[in-house]
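> Keeping their order, the protein sequence lines are chains A and B. For the record, in the first sequence the residue sitting at position 201 is 312 according to our numbering, with numbers rising by one throughout. For the record, in the second sequence the residue sitting at position 11 is 30 according to our numbering, with numbers rising by one throughout. Every residue gets a Cβ at the ideal spot worked out from N, C-alpha and C, and that includes glycine. One structure follows; several queries about it will come next.
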Amino acid sequence: MSNKLSTSVLDPAKAIYDQVVPSRSPWSGLVRKGQCIRIVDLEGQQAVDTLFYCAGKPDECYSAQDTLAEQGSAYVTTGTKLLSNEGRLMATVVADTSGDHDTSAGACSCEANTVRFGQQTRYMHACRENFLVELTKYAMNKRDIVSNINFFMNVPVLPNGELAIVDGMSKPGDYVELRAEMDVMCLISNCPQVNNPCNGFNPTPIRVLIWDAAT
Amino acid sequence: MSPKEPTPDDYRQRYFALKSQAQKANAACPSARPIGNPKTLAAEQVAFEDVIPPGWYWTGRIARGQSLRLINEQATQGVAGLFWNARDTSERFNPGDTVKVQWTARISRGHLLLSDMGRVIVSITEDTCGYNDLITNATTRAAFTRKYGNDVYRRNSHENFILAAGKHGMTVRDVGPCVSFFAPVVTDDAGHFAWKDDAVQPGAYIDLRAEMDLIVALSNCPHFLSPAREAQPVRFQIWKSSAVAADDPCRTATGEAERAFENTDTYLAQY
């Protein structure tokens, strides 16, 4: 683990946007270049599946593989530069009170759930259901879903290759904050998964705040 | 009376039971899953073969039951690949599901490549190198410019994949994250990546058996984390294997593999 924990000085009272996203629900919004977006894990151990797209140019999207290769390490934390599929800087993580966020294990889906946990899990809500419904608002579709960041999801990648979701490290009120380096559309699924530990087996609400650059 | 809803503790117990089973299976893999593919393919077995020059790509179709053998004669440091369902290209290779479902990032012989729809698209029936990277790889012109300086003639996998996808009527939006074969990216305890030198030896090969009709794109550019600045030519053969049998080691290796194949069977039966 390679936590680089840090806090933010931004004052929630000065945020231009402040919204609680209910458990199991999607959210999306525009974050302009220079603005900061904070995602707060209100009750702890809540995975927040997140993607970024270049605003107005949906074929440029976050690339987990590019981000990790250029960073040279496996987790997202303070200082991580989120790169696009064109290798351009989309956003920088500027504060992180929890540490080591996953970006390798992707988002849950009804279909993958059947493989992992059995056919009886097919009709359980999943992140890619949230993503697909939310993307439709932007005339985008399933093709636009790529490997995402899982904020507050703990997936150690061990030297022997072992990779598994384990208990989350985030405590109530932990947050991650990113500064947009281009105008981005941020897409979130507040993860509904109960078949693995990513939400402490109990999905809970999150809070999203946005600040202007000059704040 | 309706059956009792599982409690969070029920879910927790099932999850960690599955994790424990998977780790035992992976500890035994790949040696426990030999398929017995011929080391050298007879000429009549090979439907098509070619050599991808350094920096170039190849794209084509592979029918269900056929296999693609990548032969790394000159130990090139990474060959990137993408796979789409030929019937519906919105279904494609998904590295996140592939590593998560199989509980390992060390995907090699006996493992599967999964689509985003919970189905098997490829079984890895042989892999003499044993290192394929599904977690990283920077493939863009911008990345290589940062690494090596500006070189307008340096080819990159991102543009190769746009070209390959384009020739099937697809666009950059169909170019998802890739798999890199012959790419020994290892992770230390702190999560830092390293390139395992000497893990890619000349003559290493990998067999990828198509589990549905596929469109494939291969890009022969060095992996971003490798020390190699230039690629070497890489040979591939499309050969006539046979469709997966009920007792195939890739299919029966784990409960996850069996369920992924069941999903594939259900889907193929709809056609």
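1. According to the Cβ coordinates, are B:GLY100 and B:VAL198 closer than 7 Å?
2. Roughly how many angstroms lie between the CA atoms of A:SER281 and B:ALA124, to the nearest whole one?
3. Can you give the beta carbon distance from B:THR95 to B:VAL253, rounded, assuming they're within the 8 Å contact cut?
4. What are the boundary residues of the beta strand (DSSP E) that B:ALA213 is part of?
5. How would you label B:VAL65, buried or exposed, when you count the other beta carbons within 10 angstroms and need 16 or more for buried?
6. With the cut-off set at 7 Å, would you say A:ASN310 and A:CYS302 are in Cβ contact?
7. Mind pulling the chain B residues with CB within less than 8 Å of A:GLY167?
8. Taking the continuous beta strand (DSSP E) assigned at A:ASN261, which residues delimit it?
9. Bridge partners of B:LEU87, per DSSP?
10. Sort out for me which residues DSSP pairs B:GLU68 with in a bridge.
11. Helix, strand or coil: how does DSSP classify A:GLN146 here?
12. Starting from the beta carbon of A:GLY183, find every residue of chain B whose beta carbon is closer than 7 Å, and list them in chain order.
13. Helix, strand or coil for B:ALA236? Go by DSSP, reduced to three states.
14. Can you look up A:PHE228 in the DSSP assignment and give me helix, strand or coil?
15. Do you know how far the Cα of B:THR26 is from the Cα of B:PRO114?
16. Consult DSSP for A:LEU193 and reduce its assignment to one of helix, strand or coil.
17. Output yes or no for whether 7 Å exceeds the beta carbon distance between A:VAL187 and A:ARG290.
18. Check whether the Cβ atoms of B:ALA250 and B:PRO57 sit closer than 7 Å, and answer yes or no.
19. Please compile the residues from chain A whose C-beta is within a distance smaller than 7 Å of the C-beta of B:PHE243.
20. Along the chain, where does the alpha helix (DSSP H) that runs through A:CYS309 open and close?
21. For the beta strand (DSSP E) holding B:VAL205, just list the boundary residues, first then last.
22. Is any beta-carbon of chain A found at less than 7 Å from that of B:VAL198?
23. In chain A, which residues lie less than 8 Å from B:SER109 when you measure between Cβ atoms?
24. Start and end of the beta strand (DSSP E) containing A:TYR286?
25. Nearest-angstrom Cα distance between A:SER136 and B:ILE81?
26. Looking at the C-beta of A:THR189, does it have a partner C-beta in chain B at a distance below 7 Å?
27. Could you tell me which residues DSSP puts in a beta bridge with A:GLN130?
28. Enumerate in chain order the residues of its own chain whose CB-to-CB distance from A:ARG318 is below 6 Å, with the five nearest sequence positions on each side excluded.
29. Got a sec, what are the start and stop residues for the beta strand (DSSP E) A:CYS297 sits in?
30. Provide the residue span of the alpha helix (DSSP H) that contains B:GLY185, from first to last.
31. Bridge partners of A:ASN265, per DSSP?
32. Which residues share a DSSP beta bridge with B:LEU133?
33. Considering Cα atoms alone, identify which of B:LYS23, B:LEU87, B:THR59, B:ALA47 is closest to B:ILE357.
Well, looking at it:
1. yes
2. 24 Å
3. 5 Å
4. 212 to 214
5. exposed
6. yes
7. Within chain B, no residue comes near A:GLY167; the closest Cβ sits about 15 Å away, beyond 8 Å.
8. 260 to 262
9. B:LEU227, B:ILE257
10. B:GLN256
11. coil
12. HIS211, PHE212
13. strand
14. helix
15. 31 Å
16. strand
17. no
18. no
19. ALA180
20. No alpha helix (DSSP H) contains A:CYS309, which DSSP labels as neither H nor E.
21. 204 to 206
22. no
23. ASN252, LYS253, ARG254
24. 285 to 291
25. 39 Å
26. no
27. A:VAL319
28. VAL131, VAL151, LEU153
29. 295 to 301
30. 176 to 185
31. A:VAL277
32. B:VAL139
33. Outside the shown range of chain B, which is 20 to 290, sits residue 357 of chain B, and nothing can be said about it.
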